[in-house]
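Some notes on the structure that comes next.
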Amino acid sequence: MPFPAAPFLSAVSFSSALFLSLLALPRLGVFLAMFAGVPIVMAQLRYPAVLLGTGAMVTSGGVIFLFASLLKTSMPGLAVLLYIGLCGLPALVVATLMKRGSPPIAIILSGAFQIVFFLGGIAFLLYEKTSGELWTALSKSLHQAVLLVMNTAIQNAQSTLTPDEKTRLLALEPMIFKTVVSIIPGMLTSYGILTSMALWGVTSALREPSEDRGLDRGPEEFLLPDPLVFGLIASLALFLIPSLSVRIFGTNLVMVVGMLYAGQGIAILVHYVKKRKIGRWFWGVAALFIALQPLFLVLFSIIGVLDIWIDFRSLRGSAGGGRISGKTLDDGGDSEDVSGPKNDSHCDALSPSLLCIGDWKANLLGPLWRRLRHNFPIRFSGYVDHVSHPRHDRGRQGLLVWSDLLRKENGKRSDFSQA
21 MPFPAAPFLS
31 AVSFSSALFL
41 SLLALPRLGV
51 FLAMFAGVPI
61 VMAQLRYPAV
71 LLGTGAMVTS
81 GGVIFLFASL
91 LKTSMPGLAV
101 LLYIGLCGLP
111 ALVVATLMKR
121 GSPPIAIILS
131 GAFQIVFFLG
141 GIAFLLYEKT
151 SGELWTALSK
161 SLHQAVLLVM
171 NTAIQNAQST
181 LTPDEKTRLL
191 ALEPMIFKTV
201 VSIIPGMLTS
211 YGILTSMALW
221 GVTSALREPS
231 EDRGLDRGPE
241 EFLLPDPLVF
251 GLIASLALFL
261 IPSLSVRIFG
271 TNLVMVVGML
281 YAGQGIAILV
291 HYVKKRKIGR
301 WFWGVAALFI
311 ALQPLFLVLF
321 SIIGVLDIWI
331 DFRSLRGSAG
341 GGRISGKTLD
351 DGGDSEDVSG
361 PKNDSHCDAL
371 SPSLLCIGDW
381 KANLLGPLWR
391 RLRHNFPIRF
401 SGYVDHVSHP
411 RHDRGRQGLL
421 VWSDLLRKEN
431 GKRSDFSQA
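The sequence shown runs 21 to 439 under this note's numbering.
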């Protein structure tokens, strides 16, 4: 097999250019640098035999070192380390897990962990090498940035602020600076999650339909586990505790979980854009808005949380079923699929919280209970026996308990199992 020179050069040039924007245009480059690993992922997936992605990453690091030196950057070696930790290695992690067919949430969290771990290690090594001088310099720079923002805000509001109010605001500067420093871990983790989402989402959208996708169906079907919302609620509840350290921890946790739900909100946007066949120009406009105003991510987070109850993409199914298939078991033990519309007027007893009054259903704990039943072989029936789950048998026996709520049709029992 000849060496794929054209894809190799394309991956190196695009990856290097996207990352170098971080040095030339810092504010816009922070956003563009998140996509610098996409060419590496594509190259690694399409040409795994020659490890094209790995070679492109190494070559891109050399190109970045050269251009960083030409731009007279004080530490060109640090630029290479940032590229490897922020773009190169996460891209290889994402490519490997996508090739194995891992779930999207596992791919995203693994890539984010690699980013946080590697960049955290670099920061620790630089701190030890400079005996803390680097951290002192960064603290001064951050302190000046906070003062600049506060002074700018005060100057813009001179007509509405009295001199005493200005003095009190400036007196709050040390506390504001301390708060900004304390949420850096959450900001770094959130940026790692967003970068990992960009690597997986853009690569999934660009892959050919004929390629082996495993569990990957595209970014428009990205769905977080519904019980994760309890983690968001718990992190918000930490703000009620009268302790600054606890509230700071809650702030970091809200940022991390909120970024995951922002990814789900963006997936909903992708779903509607594809459904309405809007042109590619839309993605350029949307990316520009997010780059100029990152607070749009808060809006996407709210949409992602609301999707738990509204189900914008209908991925969870109807109230009584979700991704559930109904099967009727005859006396011989054979199954018959009865998941059609005729099931809609019956009670499927998927959870003890299912309330059936005629054709009206209200499933209060359905998503959580369905996932519990998916992992534990417990079902409802009219007698007690020990059997294994027919579709998710993991080598252990489960308790089979039939209930009077179970729908019967023509004298046959119905077994609802996770599809």
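For each residue, glycine too, the CB sits at the ideal point set by N, CA and C.
This one's a predicted model, so the numbers in the text were calculated from it and none came from an experiment.
DSSP state of residue i mapped onto helix, strand, coil
{"i": "GLN449", "result": "No information on residue 449 is available, as it lies outside the stretch 21 to 439 that the chain covers here."}
{"i": "ARG188", "result": "helix"}
{"i": "MET77", "result": "helix"}
{"i": "ARG47", "result": "helix"}
{"i": "ARG300", "result": "coil"}
{"i": "VAL70", "result": "coil"}
{"i": "ASP331", "result": "coil"}
{"i": "GLN313", "result": "coil"}
{"i": "PRO59", "result": "helix"}
{"i": "LEU244", "result": "coil"}
{"i": "ARG336", "result": "coil"}
{"i": "ARG444", "result": "Since the first and last residues shown for the chain are 21 and 439, residue 444 lies out of range."}
{"i": "MET9", "result": "In this structure the chain extends from 21 to 439, so residue 9 is not present and cannot be described."}
{"i": "PRO22", "result": "coil"}
{"i": "ARG267", "result": "helix"}
{"i": "PRO262", "result": "coil"}
{"i": "THR209", "result": "helix"}
{"i": "ILE128", "result": "helix"}
Test item: CB-CB of residue i and residue j under 8 Å
{"i": "VAL32", "j": "ALA99", "result": "no"}
{"i": "GLY324", "j": "TYR292", "result": "no"}
{"i": "PHE269", "j": "LEU258", "result": "yes"}
{"i": "LEU219", "j": "VAL61", "result": "yes"}
{"i": "LEU117", "j": "ILE127", "result": "yes"}
{"i": "PHE28", "j": "ALA63", "result": "yes"}
{"i": "VAL166", "j": "PHE197", "result": "yes"}
{"i": "PHE242", "j": "GLY283", "result": "yes"}
{"i": "SER80", "j": "SER36", "result": "yes"}
{"i": "MET275", "j": "SER334", "result": "no"}
{"i": "ALA26", "j": "LEU38", "result": "no"}
{"i": "THR150", "j": "LEU112", "result": "no"}
{"i": "VAL290", "j": "PRO239", "result": "yes"}
{"i": "ILE322", "j": "THR271", "result": "no"}
Rounded straight-line distance, which links the Cα of residue j to that of residue i
{"i": "LYS119", "j": "GLY57", "result": "16 Å"}
{"i": "SER161", "j": "TRP155", "result": "10 Å"}
{"i": "VAL50", "j": "LEU190", "result": "29 Å"}
{"i": "PHE316", "j": "GLY278", "result": "12 Å"}
{"i": "GLY299", "j": "VAL305", "result": "11 Å"}
{"i": "ASN171", "j": "HIS163", "result": "12 Å"}
{"i": "ALA307", "j": "VAL266", "result": "34 Å"}
{"i": "PRO24", "j": "LEU226", "result": "19 Å"}
{"i": "PRO314", "j": "SER89", "result": "31 Å"}
{"i": "MET207", "j": "VAL200", "result": "10 Å"}
{"i": "SER401", "j": "ILE328", "result": "In this predicted model, SER401 has a pLDDT of only 38, less than 50, meaning its place in the structure is not dependable enough to derive any value."}
{"i": "LEU102", "j": "ARG296", "result": "39 Å"}
{"i": "LEU45", "j": "LEU312", "result": "13 Å"}
{"i": "LEU7", "j": "THR180", "result": "Past the edges of the chain, shown from 21 to 439, lies residue 7, and the structure says nothing about it."}
{"i": "SER30", "j": "VAL83", "result": "13 Å"}
{"i": "GLY141", "j": "TYR147", "result": "10 Å"}
{"i": "ILE174", "j": "LEU264", "result": "26 Å"}
{"i": "PHE144", "j": "GLY131", "result": "20 Å"}
{"i": "ILE125", "j": "PRO247", "result": "14 Å"}
{"i": "THR182", "j": "ILE310", "result": "35 Å"}
{"i": "PHE85", "j": "ILE135", "result": "20 Å"}
{"i": "SER255", "j": "PRO205", "result": "15 Å"}
{"i": "PRO59", "j": "SER122", "result": "20 Å"}
{"i": "PHE320", "j": "LEU72", "result": "35 Å"}
Any non-hydrogen atom of the ligand HEM within 7 Å of residue i CB
{"i": "LEU243", "result": "Absent from the structure shown: the ligand HEM. Ligands present: none."}
Could you tell me whether the stretch 212-224 touches the stretch 103-119, using the rule of 3 or more Cβ pairs below 8 Å? yes
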